[in-house]
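The sequence shown begins at 118 in the working numbering and counts up one residue at a time.
Cβ atoms here follow ideal geometry from the backbone N, Cα and C, with glycine treated the same way.
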Amino acid sequence: MNETRELCGVCGYCLTQNEDVSPLIYNSLLAMQHRGQESAGISTIHNGKIYLHRGMGLVSQVFNEKILRSMKGNIGVGHVRYSTAGKSSLQDAQPYLAKYPKRGIVLAFNGNVVNNLKLRKKLYKDGVYLETSSDSETLTLLLSDLIRQEKSWDHPVYSLMTLVEGAYSVILLTGENELVAFRDPYGFRPLSYSVGDNVTAVSSESVGLNINGLMDVKELPPGSLLVCNNEGCEVKRILDSKRRAYCMFEYVYFSRPDSILCGRYVYDVRVRLGMELAKTYDTGSADVIVPVPDTSRPAAEGISQISGIPVAEGLIKNRYVGRTFIMPDMERRRNAVEMKLNSIRSVLEGREVIVVDDSIVRGITSKRIVNIVRRAGARKVRFWVTCPPIRSPCFYGIDMSTHRELIAFNKSIEEIQKSIGADELRYQTIEGLVKAIGLRCDELCLACLTGQYPTPLAQQIADKYKNLKPGSRYTELTPIR
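Shown next as C-alpha cells:
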C-alpha cells in the first residue's frame, strides 16, 4: 500500500553449544518481515558443509519445519529482501554464496552500493564472472578477493570500506566457522548485536534479537567490525568517517516501533513527530484524528496529547491482500490501495478529520486515502504528514525513483494539496523532524528532503540527472551481468 518500499533485513547467530541455529534465524526473520517480502533465505554450516535455502515470498512460505530441521549447524545467517538494486528473482535472492576462499563465504546485506556499476566493471575487467544483477554479489566477490591472502578480517574490511560508496550493513559466515558483521562508516542502515555466554547474534533491528529472548542489545557503531570464531568475539572500529548519516526514514517509517535506534525507541520518536506537528499547526475545529495504519498510529497519539482531540481507527487495514507489485497493470496496483483499506463510516461521517500519514512520495496512495475518507462521509479531510516533503531520490537503499516521479519535486504544497484532493495539507518541518529524532542535523541523512547527499557520487548523480524523465534510469547505477 505504501509508496515507499521496504529495504532488507539481515541477521546472524553463533551458538557456543552444539545446537542448530536455524530456528533462531527463522524467528528473527519473522520479526523483520516488514523490511522485505519478496524473498527470504537462510544459510548454516555444519562440519564444513554449507547449507543454503532461499525462496520467493514470505518467510513462512519459504521455510517449514522439515526444511529448518535439514539445515544443521550452530552458526548461520538469514535475509529478507526487497530489491532496490538488482532484479526481483530467486537468482538475486540472498544470502549470496561464494565457494572460495575460507572454504566458502555466505553474505547477507542490507543497503545499496552507489558505485556498484564501477566496481562490477572492475571485477569484469579482472576476469571475474558475474552471475546476478545484485550488489550483494559485488560485495561478496570483492571481499573474497581481499580476504584471500589474509588471516585477519581487519585489513580486508578496511580496504572494502575505502572502495565502496553507499549504505551497507553486512553479516556473513565462512566455511571456517566464523560469523562476521560490519557496518558502513556513515551508519546509514541500522545494525544491532548481542553477546552472551552461549550466543553471539547480529540483526538489522533490535526486535530481531528480542524475539529470541536477547534483551542486552547494543548498536554496532558505524565503521565497526564484529568477528566471532573459536577464539571468541571481538568488536573493533575499522574506519571512522567522523560524519554520521543515520537514515531519518528508519525512524519515520521503516523500523518497527518497538525497535531501538541510537538508544531511542522508534515508537517514542513517532509520538514526538506527532507532537511537533501539533505544536507547529493549529488543529482548529477538528473532530477526530485518524491514523493511516500502521506506522502513523504513534504520531496520531502525539497530536492528540497536545490538542486533546481523540484518536479513532477510522481506517482498517486488510493484512491478507497480496503485495501490489505483482499485479499486472498500474490501474490494478492503484486500486489495490482500496482493497487494503476500508473505512469505518461511524467514525468519519459528518466529521472534520485529521488524517495522519508518515509520508507522501508520488501522491497516488495519498489521493486514494483522501477519496476513501470522503466516501465515508467526512465533512472535511485534513491531511497531516509526519515527514517533510520528499524532493530528491534515495541512492542508499530506499526505493524512491527519479526526481520527477516525486510529487514534491516540482509542485508546491498548495499544488500537492489540490492533487491529492485534501481540504488541507500540513507537512512536518525539517526542524521538527530533527527535534523529534533527537540527533543533530549533521548526524542524519536528510538527502531525500534537502538534495544534499553525504557521499560524493550520490551528489554527482543527483545533480546530473535532476531533469531525468520518469521511467528512465541512472546509467551510473545500472548493473551489468
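Ile533 and Val352 have their alpha carbons spaced roughly 47 Å apart. Counted as a single uninterrupted DSSP element, the stretch harbouring Leu234 is not any beta strand (DSSP E) but the alpha helix (DSSP H) occupying residues Asn233 to Lys242.
Here the C-alpha atom of Arg306 lies approximately 35 Å from the C-alpha atom of Val470. The beta carbons of Val473 and Pro408 sit closer together than 8 Å. With a cutoff of 8 Å on beta-carbon distance, Cys379 and Leu566 are scored as not near each other. Sequence-distant Cβ neighbours of Arg354 in its own chain, meaning closer than 7 Å and more than five residues away, are Pro338, Gly340 and Ser341. Per DSSP, reduced to three states, the secondary structure at Gly228 is strand. For Asn329, same chain residues with a beta-carbon under 6 Å away, outside a window of 5 residues either side, are Leu141 and Asn144 in chain order. Distance from the CA atom of Arg198 to the CA atom of Tyr513, rounded to whole angstroms, is 15 Å.
Cβ-Cβ distances below 7 Å link Gly494 to Arg462, Leu465, Glu466 and Gly467 in the same chain, with the five nearest sequence neighbours on each side left out; the list follows chain order. Closest in alpha carbon position to Asn227, among Asp559, Cys364 and Ile554, is Cys364. Taking a contact to require three or more Cβ pairs closer than 8 Å, the region 539-553 and the region 388-396 qualify as touching. Between Leu289 and Val281, the CB-CB gap reaches or exceeds 8 Å. Burial is judged here by how many other beta carbons sit within 10 angstroms of a residue's own beta carbon; Ile167 has at least 16 and is buried. Here Pro427 carries a coil assignment [DSSP, helix/strand/coil]. Buried is the label assigned to Arg171, since at least 16 other Cβ atoms lie within 10 Å of its Cβ. Under DSSP, Leu343 shares a beta bridge with Ala298 and Val352.
If you draw a straight line from the Cα of Glu522 to the Cα of Ile222, it is about 39 Å long.
The C-beta of Asn435 has fewer than 16 other C-beta atoms within 10 Å across all chains shown, which makes the residue exposed. By a beta-carbon distance limit of 8 Å, Arg220 does not contact Tyr303. Their separation comes to about 32 Å.
A Cβ-Cβ separation of about 12 Å leaves Glu293 out of contact with Cys345 under the 8 Å criterion. Out of Lys183, Gly193 and Leu175, the CA that lies nearest to the CA of Asn135 is found in Gly193. Secondary structure note for Thr546: it is in no alpha helix (DSSP H), with a DSSP letter that is neither H nor E.
Contact between Ala284 and Val386 does not hold, since their C-beta atoms are separated by about 20 Å, which reaches or exceeds 8 Å. The beta carbon of Tyr213 is closer than 6 Å to those of Leu224, Ser253, Glu254 and Thr257 in its chain, skipping five residues each way along the sequence. By the C-beta density criterion, Met332 is exposed, having fewer than 16 other C-beta atoms within 10 angstroms. For Gln569, same chain residues with a beta-carbon under 8 Å away, outside a window of 5 residues either side, are Leu563 and Gln576 in chain order.
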